[in-house]
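In full-length UniProt numbering, the protein residues as written are 1 to 307.
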């Protein structure tokens, strides 16, 4: 196991550098970030040259990237155009988005897997058909429609929740936004769990466990569910990074000042330091989540061994 972890960590190094380089190049073709610093009027050449020199934009792109990566390894993710350190923005944004992601993952794991097990064991029955139709509806509706509809009904008309999340973003205010973020993924987890449960329920090891007289709950939890969760864990693990970086629309709707909000502001203002810094951390989160998923395979299926 230890050798496998070391090998995977070594494989992450070129992936990390290749991904960050691609992101850095994409951000640098968004346009001239200096053009937006002087308001509606165009910056005079002297001021523009001074700003480019101050932010290192007068150097070749490859040199900018090497300088940036050298600073990243010292914990310096650069400075936003408003003079604020990117690490300070991360310190306020990431805790909020992490709480939002945990709420979304809770809905995915608890509701999604539970519905998947119930429908998988009752395949073809009315409850199965109903859940399949509901999940298909959820997948078909865009997230911004779901978010605006819940905000209008629960926040504006019925007054059950606050239409806008406060700056502290406590857990209780993130329940509905978390449900909105997790809605599509929850539907996929339900359908994926259902399919996996239905297929494995006909496997020989399940029939053997039933024939041995084991209690039904033990057969489901210890044998059926454990092996059926492998594709589900894979999906949830890869979905962690998507939930953290893909909550831009939901955070805008509910005024949550998290990672999605900061990325939106950085793209809008062409603030390359902010965008690249936040996405670099998201790349690390995605790589770590994939490593954890691979290690969980051996826990779920004892037949899997890592050399």
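Built from N, CA and C at the ideal position, the CB exists for glycine as well.
DSSP bridge partner residues for residue i (one or two, in chain order)
i	result
residue 79	85
8 Å Cβ cutoff met for residue i and residue j
i	j	result
residue 263	residue 249	no
residue 240	residue 283	no
residue 118	residue 127	yes
residue 270	residue 80	no
residue 169	residue 253	no
residue 167	residue 223	no
residue 184	residue 143	yes
residue 294	residue 8	yes
residue 221	residue 109	no
residue 107	residue 182	yes
residue 103	residue 150	no
residue 186	residue 112	yes
residue 13	residue 279	no
residue 163	residue 196	no
residue 73	residue 277	no
residue 190	residue 145	no
residue 20	residue 90	no
residue 16	residue 243	no
residue 174	residue 99	yes
residue 203	residue 120	no
residue 116	residue 10	no
residue 238	residue 172	no
Neighbour-count burial assignment, residue i, 16 or more Cβ in a 10 Å radius
i	result
residue 194	buried
residue 161	buried
residue 211	exposed
residue 177	buried
residue 218	exposed
residue 114	exposed
residue 46	exposed
residue 188	buried
residue 18	exposed
residue 213	exposed
residue 134	exposed
residue 205	exposed
residue 199	exposed
residue 25	exposed
residue 153	exposed
residue 101	buried
residue 281	buried
residue 165	buried
residue 156	exposed
residue 5	exposed
residue 66	exposed
residue 260	buried
residue 136	exposed
residue 105	buried
residue 251	buried
residue 61	exposed
residue 75	exposed
Residue range of the alpha helix (DSSP H) that includes residue i
i	result
residue 114	113-121
residue 11	2-28
residue 144	143-150
residue 182	175-200
residue 129	126-140
residue 63	61-72
Closer than 8 Å to chain E by CB, residue i
i	result
residue 232	Going by chain labels, chain E is absent from the structure shown, which holds only one protein chain.
Note to self: Quick check for students: name the residue ranges of the alpha helix (DSSP H) that lie wholly in the stretch 210-278, counting only runs of 4 or more.
What the structure shows: 226-245, 248-253 and 259-268
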